[in-house]
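According to this note's numbering, the residues represented by the sequence shown are 1 to 104, in order. Ideal Cβ positions, reconstructed from N, Cα and C, are used throughout, including at glycine. A quick note: this is a predicted structure, and the numbers were derived from the prediction, not measured.
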Amino acid sequence: MKILFSRCYPERFIAGLLQKISKFSSRLRLGLDREQAARKKTSEKTLNERMRLISMMSGQIVDHMSDCLMHNKEPLTPGEEGLRDLKIMTAIYKAAQSGMSVKL
1 MKILFSRCYP ERFIAGLLQK ISKFSSRLRL GLDREQAARK KTSEKTLNER
51 MRLISMMSGQ IVDHMSDCLM HNKEPLTPGE EGLRDLKIMT AIYKAAQSGM
101 SVKL
């Protein structure tokens with residue numbers, strides 16, 4: 001697995017972003033579903049260009065989440081909110097595939 005970036009934090013916290021973010025000294029593991037990639041067609045061939053997964057904003061999110069983990073704080077966007085969003089997105093995909101309404 002190729003790690004695009006890694007950050008080291010106090011208390012042995014290491015975050016690497018491509019497939020997963022792990023806190024090795026506890027039970028937390030966050031994962032990304034897919035690696036983001038872009039294809040560009042050129043006159044010669046199709047190039048696969050990997051997009052940077054970390055922008056300034058996503059780096060700030062990783063920093064915020066690690067700070068919450070290390071200092072036992074409540075994150076600005078709790079997991080319940082992300083789970084709700086995931087359920088909504090899944091329903092949207094199901095509705096698009098079936099052409100029918102999906103009840104939430």
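Indicate the three-state DSSP secondary structure (helix, strand or coil) for S66 in the structure shown. Shown here, S66 sits in a helix according to DSSP, grouped into three states.
Go through its chain and collect everything with a Cβ distance to L104's Cβ below 6 Å, but skip five positions before and after it. Only residues of its own chain outside the window of five on either side were considered, and among them A91 have a CB closer than 6 Å to the CB of L104, listed in chain order.
What's the C-alpha gap between N72 and Q97? Approximately 41 Å between the Cα atoms of the pair.
Going straight from the alpha carbon of S101 to that of L86, what length do you get? Cα to Cα, the separation comes out at about 17 Å.
What are the boundary residues of the alpha helix (DSSP H) that L86 is part of? Here the alpha helix (DSSP H) through L86 covers 79-98.
Leaving out the 5 sequence neighbours to the left and right, which residues in its chain are closer than 8 Å to I88 when beta-carbon positions are compared? For I88, where only same-chain residues beyond five positions count, the Cβ hits under 8 Å are L104.
Please classify M65 as buried or exposed, where buried requires at least 16 other C-beta atoms within 10 Å of its C-beta. The residue in question, M65, is buried, as its Cβ has 16 or more Cβ neighbours within 10 Å.
V102: CB within 7 Å of a non-hydrogen atom of the ligand SAH: For the structure depicted, the ligand SAH is absent and the ligand set is empty, with no information on it obtainable.
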